[in-house]
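Visitor: In the order they appear, the protein sequences are chains A and B. Once you know that position 95 of the first sequence is 95 in the numbering used here, the rest is easy, because the numbers rise by one and skip nothing. Once you know that position 324 of the second sequence is 1324 in the numbering used here, the rest is easy, because the numbers rise by one and skip nothing. Pasting a structure below so you can have a look.
2 protein chains.
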Amino acid sequence: MSAPAPGTQQAMRRRNLSLVLHALAEEGSLSRASVAARIGLTRAGVSALVEELLRAGLIVELGRGRPGTVGRPGSALALNDQGPCGIGAEIGVDHLSVCAVDLRGTVRARIAVDAANRGRAPEPVLAELNGLIQQITVEARRAGLEPAGLGVAVPGLVGRDQTVVRAPNLGWQGVDLRPLLTTALPVTVDNEANFGALAELREAEWRDFVHVSAEIGIGAAVVVDGELLRGAHGFAGELGHVPVRPDGPACACGGRGCLEQYAGEEAVLRAVGIAPERAAREHPGPGGRIALLARRSEAGDDAVTRALGDAGEALGIALAGAVNLLDPQAVVLGGALAELAPWVLPRLERELSDRLADPARTVRVTVSRPGAEGPLRGSALRIVQSVLDEPPAAA
Amino acid sequence: MSAPAPGTQQAMRRRNLSLVLHALAEEGSLSRASVAARIGLTRAGVSALVEELLRAGLIVELGRGRPGTVGRPGSALALNDQGPCGIGAEIGVDHLSVCAVDLRGTVRARIAVDAANRGRAPEPVLAELNGLIQQITVEARRAGLEPAGLGVAVPGLVGRDQTVVRAPNLGWQGVDLRPLLTTALPVTVDNEANFGALAELREAEWRDFVHVSAEIGIGAAVVVDGELLRGAHGFAGELGHVPVRPDGPACACGGRGCLEQYAGEEAVLRAVGIAPERAAREHPGPGGRIALLARRSEAGDDAVTRALGDAGEALGIALAGAVNLLDPQAVVLGGALAELAPWVLPRLERELSDRLADPARTVRVTVSRPGAEGPLRGSALRIVQSVLDEPPAAA
Chain A
1 MSAPAPGTQQ AMRRRNLSLV LHALAEEGSL SRASVAARIG LTRAGVSALV
51 EELLRAGLIV ELGRGRPGTV GRPGSALALN DQGPCGIGAE IGVDHLSVCA
101 VDLRGTVRAR IAVDAANRGR APEPVLAELN GLIQQITVEA RRAGLEPAGL
151 GVAVPGLVGR DQTVVRAPNL GWQGVDLRPL LTTALPVTVD NEANFGALAE
201 LREAEWRDFV HVSAEIGIGA AVVVDGELLR GAHGFAGELG HVPVRPDGPA
251 CACGGRGCLE QYAGEEAVLR AVGIAPERAA REHPGPGGRI ALLARRSEAG
301 DDAVTRALGD AGEALGIALA GAVNLLDPQA VVLGGALAEL APWVLPRLER
351 ELSDRLADPA RTVRVTVSRP GAEGPLRGSA LRIVQSVLDE PPAAA
Chain B
1001 MSAPAPGTQQ AMRRRNLSLV LHALAEEGSL SRASVAARIG LTRAGVSALV
1051 EELLRAGLIV ELGRGRPGTV GRPGSALALN DQGPCGIGAE IGVDHLSVCA
1101 VDLRGTVRAR IAVDAANRGR APEPVLAELN GLIQQITVEA RRAGLEPAGL
1151 GVAVPGLVGR DQTVVRAPNL GWQGVDLRPL LTTALPVTVD NEANFGALAE
1201 LREAEWRDFV HVSAEIGIGA AVVVDGELLR GAHGFAGELG HVPVRPDGPA
1251 CACGGRGCLE QYAGEEAVLR AVGIAPERAA REHPGPGGRI ALLARRSEAG
1301 DDAVTRALGD AGEALGIALA GAVNLLDPQA VVLGGALAEL APWVLPRLER
1351 ELSDRLADPA RTVRVTVSRP GAEGPLRGSA LRIVQSVLDE PPAAA
């Protein structure tokens, strides 16, 4: 949505190369004629673009490959699954994970380890992460891929300059992670909810949605017409601090009655009489406490079922405000919420439908397709996206 | 934010013509060399574009005009104030107004009449409006302008298909105004808050803001990177129905404790013991009740001052949610709120600063520059904008 670039011949050519790549990303494979019809250029124009993309190793011709016959007009084209790839890394409160995703969006290598990162200094966390990134980079190269960049997902506020402004559940404040990374790749640091939404965007039919993401805290990403809404400082999507009951319990942010005080993991644990610190010790790792809550509710523990319902109600109130403001096509529950959906959804949906300014409006409430994997996959997809948006020139 | 148009030569030329017009709209006047530097094209390229725009009557050369010498490289260029213009119309609950705005953004003709439109059928309202539009069209032509389109501002939800889905304070529901308009101009119908934000955008330094607008109801427009966020159905910005106290009074929308129940004009009147219907009779016309409240508070009426403070608190709670979600640069108070700012602002600002997820973040709270004139001026500016975005070809 920024000011359009001036229309020089070179800018136009780069834009058209990108249009071809995006057409293939959406459709999987297309003939030259279909690409031309889809993006509104002539067959001849598309053929020249295709030649350049083949030379750059960004696309391939499918079918029985006949060497030396590139450019056969009828053959199907696809993004190259032996070309550039994105490396994604997620720093969780209780885990670290890294993956490689090829241009077609397929996860080609993945590693995850439990890690007690709460209150741990950035240096040792990043030292451990560097090792994992190195492993995945080697694996990706072995599979014929060439890493084009690294995306790093963080559970906290990330500024427009990519500094981690505040990651309360890690205890980090004002940290620039980039000097702590040993990779030579270009790095993009962002909030995990934003990356999660990118993964959802790749798989879902929605182009306008609010992607709610819960690990320990509650965040959200707002997607408008297929683009992340970042905000003036990069802090958009702080759903966890939308006031639900303005005179409610004090929140670490300085406010009162924020959504996180009703629907955050710790609030739900406290509501059923479990000390969050003890739960973290006894049920460590990503999703440990969430699995505990799901098991108890499945086993008929009414207190847990009630607490999850109350969390759903609070989410519904906060989301009613968000939907009235943003008018999205859908609300998508990601992260831990995806697993708790059976208990959270009914009261969430009731609040939402009672509180929409136009009762005729429809907003779908769904569970994220990539689920808890979203932020990790999205951090690699961001790199893939940047290759498709600004294709590197042929060597 | 939609998919980029394919880069054909023709599309590129039209985009470049638009870039020249927008550069002049922002700067007032520029030499050819300054235009070239600003938009990143060559001097020769810009000269050709300028010739076309001069021929189309969209721009003029300033300075002592020497007939037959168009194209002198050093002379300053500006948008033509004798060229196309936008006609804007506002349907208020208690007034109708129409204006003409030239390409430079100057209001060149304006008419406004009191009108008791609450509960009045669309047909007689539009019949009256048609007469006013006709008058302003004649005046604009007399001033050497050529109307290029008509924008119509409505206090209610307007769908993406431009139907008035619901304008509760007029009592309209599912009305297509276009068949009721007698003008031959292309028509754009939109919510008054959206048009108000356009007027603000033209005058303010912000590109990311929430523009709160209050006449009888409370609406808002969300502007992201200089563009209106419209929402999947066109209903974005329904700030008036953001829950402030989820168990609060029932609202006409079906929800409870919506912002409008605390900060809408009728809620404030009731809080100080004035029956809204009686106030409407005794203080009719646009701003009648608002002026009454301002006068009473100025005269030391504590109950009124308290009620306006309470409205400010409710606005602050709802806006805290909006700011946490959207991270705008600024919150702009428009419409009636602009006039009540001295009593509304202090508690609004306190709530907002107490409830932001990142205390280090700054959000400016300001009063709209065009104020109550915003929706009317914005409805004409929308037409001007469309001329700048897609300049008509030279005859």
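Where a beta carbon is used, it is the ideal one built from N, C-alpha and C, also for glycine. If you're wondering where the values come from, they're calculated on a predicted model, not measured in any experiment.
(1) Go to E90 of chain A, then tell me how far its alpha helix (DSSP H) extends in each direction, as first and last residue.
(2) Apart from the five residues on each side of it in sequence, which residues of its chain come closer than 6 Å, Cβ to Cβ, to E1090 of chain B?
(3) Quick check: what's the CA-CA separation for N1169 of chain B versus V367 of chain A?
(4) Roughly how many angstroms separate the alpha carbons of A1199 of chain B and G1378 of chain B, rounded to a whole number?
(5) Can you look up S1379 of chain B in the DSSP assignment and give me helix, strand or coil?
(6) So what's G240 of chain A in DSSP terms, helix, strand or just coil?
(7) Leaving aside the five residues before and after A1115 of chain B along the sequence, list all residues of the same chain whose C-beta is less than 8 Å from its C-beta, in chain order.
(8) Is N324 of chain A close to chain B? Criterion is C-beta to C-beta, closer than 8 Å.
(9) Between the C-alpha atoms of L1053 of chain B and V1020 of chain B, what's the straight-line distance to the nearest angstrom?
(10) Nearest to D247 of chain A by CA position, among A:R256, A:S29 and A:H241, is which residue?
(11) Does DSSP classify L1201 of chain B as helix, strand or coil?
(12) Return no unless some Cβ of chain B is closer than 8 Å to the Cβ of R361 of chain A.
(13) How long is the line joining the alpha carbons of R15 of chain A and P84 of chain A, rounded to whole angstroms?
(14) Quick check on E123 of chain A: buried or exposed, where buried means 16 or more other Cβ atoms within 10 Å of its Cβ?
(15) Closer than 8 Å, CB to CB, is I317 of chain A near chain B or not?
(16) Compute the Euclidean distance between the alpha carbons of W343 of chain A and A1341 of chain B, then round it to the nearest angstrom.
(17) Buried or exposed, going by whether 16 or more other CB atoms sit within 10 Å of the CB of L62 of chain A?
(18) Using alpha carbons as the reference points, say which of A:Q329, A:E351 and A:T163 lies closest to E205 of chain A.
(19) Can you name the residues that DSSP bridges to I1059 of chain B?
(20) What span of residues does the beta strand (DSSP E) with L333 of chain A cover, start to end?
(21) By Cβ distance below 6 Å, which residues in the same chain neighbour T163 of chain A in space, the five residues on each side in sequence not counted?
(22) Under 9 Å between beta-carbons, which chain B residues line up against L53 of chain A? List them in chain order, please.
(23) Which residues in chain B sit within 9 Å of D208 of chain A, going by Cβ to Cβ distance?
(24) Beta strand (DSSP E) containing S1018 of chain B: first to last residue?
(25) Does any CB atom of chain B fall closer than 8 Å to the CB of G254 of chain A?
(26) In whole angstroms, what separates the C-alpha of E146 of chain A from that of V1222 of chain B?
(27) Please return the same chain residues whose Cβ sits closer than 6 Å to the Cβ of L348 of chain A, not counting the five positions on each side in sequence.
(28) Buried or exposed: which applies to P179 of chain A, given that a residue is buried once 16 or more other Cβ atoms fall within 10 Å of its Cβ?
(29) Among the candidates A:E27, A:G45, A:E266 and A:L157, whose CA atom is the shortest distance from the CA of N191 of chain A?
(30) Return helix, strand or coil for N169 of chain A, following the three-state DSSP convention.
(31) Which whole-angstrom value describes the C-beta separation of A232 of chain A and H211 of chain A, a residue pair presumed to lie in contact below a C-beta threshold of 8 Å?
(32) Who are the near neighbours of A393 of chain A in its chain, counting only those whose CB is closer than 7 Å to its CB and skipping five residues on each side?
Guide: The relevant details are as follows:
(1) Where E90 of chain A is concerned, there is no enclosing alpha helix (DSSP H), although the beta strand (DSSP E) it sits in stretches over P84 to I91.
(2) S1097, A1153, P1375 and L1376
(3) 37 Å
(4) 4 Å
(5) helix
(6) helix
(7) G1092, D1094, H1095, L1096, V1125 and E1128
(8) yes
(9) 9 Å
(10) A:R256
(11) helix
(12) yes
(13) 19 Å
(14) exposed
(15) yes
(16) 44 Å
(17) exposed
(18) A:Q329
(19) B:L1079
(20) A330 to G335
(21) D176
(22) In chain order: nothing, as chain B lies at least about 15 Å away.
(23) G1231 and A1232
(24) That residue, S1018 of chain B, is in no beta strand (DSSP E); its alpha helix (DSSP H) goes Q1009 to E1027.
(25) yes
(26) 41 Å
(27) G312, L315 and G316
(28) exposed
(29) A:L157
(30) coil
(31) Actually they are not in contact, since the Cβ atoms of A232 of chain A and H211 of chain A sit about 20 Å apart, beyond 8 Å.
(32) A56
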